[in-house]
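Below is one structure, written out as structure tokens; comments come after it.
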Amino acid sequence: MATREQRSKAPLVAADGTPLKEALRRSQAVERRRAFALVAPLLVFILLVFAIPIVAMIWRSVYNPEIREYLPQTAAALSSWDGEDVPPEAVFQAMAADMIVGVENRTIGRAAARINREIPGARSTMMRTARNVDAWSAPYREKFLEADEDWASLEFWHILQRESRLITPTYYLLAVDYEYNAQGEIAPRPEVYQVYQSLFFRTAWMSILITGICVLLAYPISYMVATQPVRIANLLLILVLLPFWTSLLVRTSAWIVLLQQQGVINELLVWAGVIDTDGRLRMIYNRIGTVVAMTHILLPFMVLPLYSVMKTIPPSYLRAAKSLGAHPFRAWWSVYFPLTVPGLAAGCILVFILAIGYYITPALVGGDSGIFISNLIADNMQGSSAQLKLAAALATILLVAVLLVYWLFNRLVGVDKLKFG
Amino acid sequence: MAVPTYATTSERIWYYAFRVICGLIFFFLIAPIIVIIPLAFNAQPYFTFTREMLSLDPDGYSLRWYRDLLGSSEWLNSIANSFIIAIASTIVATALGTVAALGLNRRNMPARALITAILISPMIVPLIITAAALFSFFARIGLSNTYLGIILSHVVLGTPFVVLTVTASLAGFDQTLIRASQSLGANQTRTFFRVILPLLLPGVISGALFAFVTSLDEVVIVNFMAGPAQTPMTVRMFSGLREEISPTILALASLLVALSILLLATLEMIRRRNERMRGLSPG
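For the protein sequence lines, the chains are A and B, in the order given. The numbering of the first sequence is this note's numbering, which starts it at 1 and goes up by one. The numbering of the second sequence is this note's numbering, which starts it at 422 and goes up by one.
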């Protein structure tokens, strides 16, 4: 018979005789698997229909397979070229072999078009040589050089070598207004083509401006709603929630109606005699239109988190501060305001993230001076395959910016604190 | 908060000034939405109040834009498309999202934070990026210009809202109710359907409404993804607003405002019912 001492040292066992620790571990593993099984369908769905397409888009923005695909032997031969002098015979031989295959498969035209994108005029050189090349025999180098002096151009071979790499930064350079110059160095693009950098900055500062205006407008009304008796607060909240639930297009069209030159506000001002009919204000199809309409559309996203924080602050705090002699402003600044910072941070980052990626409203009311980077992503999406790649690069830069802000948001506030309605 | 009797003059002035400022901001929020409703009854093809409208002359008003809208098979088709897409994607998003939220809120969920972040990410990533990614991807697998492609992309957009709202209602869930139900003799199935589900339903329904509205409102993705056969009303509105805007769009916009009022009322009803069920006083 075991003594009390011995029994306490023996491992505790479950009803079926396994040690209790083991049984607990096993049952927890089962629980974990069950919980995961519930989440798995959505997780798989999001990975398949959302994450993979995004990764594919990022990959597309750097992927540059055309030269390798159409001129595989040349690409391989060029990889060991030192770039000092016209390439050796091996490269020309590879080029001749690729051209013969290309003419047979009818891919030579595509190869020539791809090279022509980098070196204007290269298409005709390529095609002319390709037509004759199957009549030639080794050594090819002299025959190429005799046929066309363009084959002696170091610049041509440098570009071909660069473009035969599978991964290219070209589209990212374009996305920030840089390109490879004739010497193969990275240089700013000609000024007339410089659009993207300034547009990224405009998108950022206009989003910050819109966020700032939203703070100024949301703070007083959130405070108002939070300090009213329940019945009135609910009524006031409806004034915030109705725009929140109303279609984005409806609100944008409302602003077109209000702000146009023949619109409600201009008519009202003319009727009241503030302006005469020739002096109608231009409030739309420019930056003003974008800022006004987007502030209106995003304001509820600032009010709701602010309100939910302010609701929890007891009004007695402010009274206490005042009764201790603080000026009302001082009481607000050192007692009330710090308590609202979490809501303010949530609202700001929410509004900023939403604003920076806006497309519809700037497209409709922004004219030329009020469009965002999203609008140019959309324009490039409807273009050639090179433009599609540029769109992917622009989208990736925007995505990184948004994820950075999101990460910051998660660190500061926590995504699970997001609440709606 | 009335002005206390001991308030100084400057405090009184500030008190009323503050109310005026708030009134103006509320006006800014609500007026643009209200103003389009009478304008949709304009007898003239203008976007402003005519003299006849201002003098409340019945001749200044007409139903011609509503007749335009409801008499045009193109508009009606696109409205039908919008609802087909929204209803289908809401059903799938609600089912997937609710089940996932139930799993996420189990005690033993592994890698909860990471998985939550992945599931919520479609809400954070700007629509134009999602559109750019899905546009090429669906073109490659042959889903562009199909209902299925559009519905799948709207399911992606809708699930984060369902996950968030169901998670929120699970967070306020009193676990002792399950024990109470079981101690009173209910088995697990009965407990789920009679106790857990009714308490969870408000979260599920508001999540579904969010998913529905998100799909109904969505323009960016469908603009790239929809062929002529699937064109939903938002795309038609968008191109209408870009080219030549006619008051027909305002008629549709007014109907959409009515729809959002209806949705808001439904949500408010759910919220009150929910608070009653949890034994809180409605407020």
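Don't be surprised by glycine CBs; every beta carbon is placed ideally from N, CA and C. From a predicted model like this one, the values you see are computed outputs, not experimental measurements.
Using CA coordinates, which residue listed in the options is at the minimum distance from residue i?
i                  : options                                    : result
Met-206 of chain A : A:Leu-20, A:Asn-286, A:Asn-105             : A:Asn-286
Ile-360 of chain A : A:Ser-79, A:Met-294, A:Val-49              : A:Met-294
Leu-304 of chain A : A:Leu-241, A:Phe-337, A:His-327            : A:Leu-241
Arg-528 of chain B : B:Leu-683, B:Leu-591, B:Leu-445            : B:Leu-591
Leu-622 of chain B : B:Leu-605, B:Gln-609, B:Thr-588            : B:Thr-588
Gly-289 of chain A : A:Gly-109, A:Arg-251, A:Phe-201            : A:Arg-251
Leu-677 of chain B : A:Leu-399, A:Pro-243, A:Val-91             : A:Pro-243
Val-91 of chain A  : A:Gly-102, A:Asn-105, A:Pro-72             : A:Pro-72
Phe-447 of chain B : A:Leu-403, A:Ile-238, A:Phe-329            : A:Ile-238
Val-335 of chain A : A:Trp-59, A:Ile-356, A:Met-310             : A:Met-310
Gly-362 of chain B : B:Ala-521, B:Leu-484, B:Ile-454, B:Met-698 : Outside the modelled stretch of chain B, which goes from 422 to 704, sits residue 362 of chain B, for which no answer is possible.
Thr-511 of chain B : B:Glu-665, B:Asn-695, B:Leu-630            : B:Leu-630
Gly-518 of chain B : B:Thr-687, B:Phe-504, B:Ile-541            : B:Ile-541
Trp-81 of chain A  : A:Ala-29, A:His-158, A:Ala-152             : A:His-158
Contact criterion: CB-CB distance below 9 Å. Does residue i meet it with respect to chain B?
i                  : result
Ile-221 of chain A : yes
Ile-432 of chain A : This structure cannot speak to residue 432 of chain A, because chain A is shown only from 1 to 421.
Asn-286 of chain A : no
Gln-161 of chain A : no
Leu-388 of chain A : yes
Leu-241 of chain A : yes
Glu-267 of chain A : yes
Ser-137 of chain A : no
Trp-255 of chain A : yes
Phe-201 of chain A : no
Val-374 of chain A : Note that residue 374 of chain A is Ser in the sequence shown here, rather than Val. Answer yes: the Cβ-Cβ gap between Ser-374 of chain A and chain B drops below 9 Å somewhere.
Ser-402 of chain A : Before going further, note that residue 402 of chain A is Val rather than Ser in the sequence given. So, interface residue.
Are the C-beta of residue i and some C-beta of chain A separated by less than 9 Å?
i                  : result
Glu-432 of chain B : yes
Asn-529 of chain B : yes
Ala-521 of chain B : yes
Tyr-487 of chain B : no
Ser-681 of chain B : yes
Gly-524 of chain B : yes
Asp-638 of chain B : yes
Trp-734 of chain B : Any property of residue 734 of chain B remains undetermined from this structure, which presents chain B solely from 422 to 704.
Gly-704 of chain B : Confidence in Gly-704 of chain B is poor, its pLDDT being 40 and thus under 50, which makes the residue's placement too unreliable to answer from.
Val-424 of chain B : no
Phe-504 of chain B : no
Suppose the cutoff is 6 Å on Cβ atoms and the five residues either side in sequence are ignored; what does the same chain contact list for residue i look like?
i                  : result
Met-544 of chain B : Pro-581
Ala-331 of chain A : Leu-318, Ala-321, Lys-322
Ala-112 of chain A : Arg-123, Met-126, Met-127
Ser-702 of chain B : For Ser-702 of chain B, the predicted model reports a pLDDT of 49, less than 50, meaning its position is unreliable and no value from the coordinates is stated.
Leu-364 of chain A : Thr-252
Leu-236 of chain A : Val-225
Phe-462 of chain B : Tyr-482
Since residue i and residue j should fall inside the 8 Å C-beta cutoff, what is the C-beta to C-beta distance between them, to a whole number of angstroms?
i                  : j                  : result
Val-351 of chain A : Thr-211 of chain A : 5 Å
Leu-306 of chain A : Leu-344 of chain A : 6 Å
Phe-439 of chain B : Pro-220 of chain A : 7 Å
Val-656 of chain B : Ala-647 of chain B : 6 Å
Ile-108 of chain A : Ala-130 of chain A : 5 Å
Ile-349 of chain A : Leu-408 of chain A : 7 Å
Leu-394 of chain A : Ile-373 of chain A : 6 Å
Val-39 of chain A  : Ile-536 of chain B : 6 Å
Ile-670 of chain B : Met-658 of chain B : 6 Å
Ordered along the chain, which non-local residues of its own chain (more than five positions away) have a Cβ less than 7 Å from that of residue i?
i                  : result
Val-257 of chain A : Gly-263, Val-264
Ala-424 of chain A : What the structure shows of chain A is the stretch from 1 to 421, and residue 424 of chain A is not part of that stretch, so it cannot be assessed.
Tyr-406 of chain A : Ile-353
Glu-155 of chain A : Ala-182
Ala-23 of chain A  : Ala-14
Asp-148 of chain A : Thr-125, Arg-128, Thr-129
Keeping to the same chain, check which residues put their C-beta closer than 8 Å to that of residue i; ignore five residues upstream and five downstream.
i                  : result
Glu-89 of chain A  : Ala-138, Pro-139, Tyr-140, Arg-141
Asn-566 of chain B : Met-646, Ala-647, Gly-648, Ala-650, Gln-651
Pro-425 of chain B : none
Ile-371 of chain A : Leu-199, Thr-290, Pro-362, Ala-363
Tyr-70 of chain A  : Asp-98, Gly-102, Thr-107, Ile-108, Arg-110, Ala-111, Arg-114
- Listed from N- to C-terminal order along the chain, which residues in the segment 566–588 of chain B have their beta-carbon within a distance smaller than 8 Å of any beta-carbon of chain A? Leu-573, Ser-574, Val-576, Val-577, Thr-580, Phe-582, Val-584, Leu-585, Thr-586, Thr-588
- Task: Can you give me, in chain order, the residues of the segment 544–561 of chain B that have a beta carbon less than 9 Å from any beta carbon in chain A?
- Result: Met-544, Ile-545, Val-546, Pro-547, Leu-548, Ile-549, Ile-550, Thr-551, Ala-552, Ala-553, Ala-554, Leu-555, Phe-556, Ser-557, Phe-558, Phe-559, Arg-561
- Message: If the cut-off is 8 Å on Cβ atoms, which residues from the segment 53–82 of chain A count as contacting chain B, listed in chain order?
- Response: Pro-53, Ile-54, Ala-56, Met-57, Arg-60
- Interface positions of the segment 308–332 of chain A facing chain B (Cβ-Cβ less than 9 Å), listed along the chain: Pro-315, Pro-328
- What residues from the segment 443–477 of chain B come within 8 Å of chain A, judged by C-beta to C-beta, listed N to C? Cys-443, Ile-446, Phe-447, Phe-449, Leu-450, Ile-451, Pro-453, Ile-454, Val-456, Ile-457, Leu-460, Tyr-467, Phe-468, Thr-469, Phe-470
- Can you list, in chain order, the residues of the segment 662–674 of chain B whose Cβ is nearer than 8 Å to any Cβ on chain A? When CB distances to chain A are screened at a threshold of 8 Å, the residues of the segment 662–674 of chain B falling below it are Leu-662, Arg-663, Ile-666, Ile-670, Leu-671, Ala-674, in chain order.
- Message: Output needed in chain order: residues of the segment 591–617 of chain B with a Cβ under 8 Å from some Cβ in chain A.
- Response: none
- Message: Output needed in chain order: residues of the segment 157–186 of chain A with a Cβ under 7 Å from some Cβ in chain B.
- Response: none
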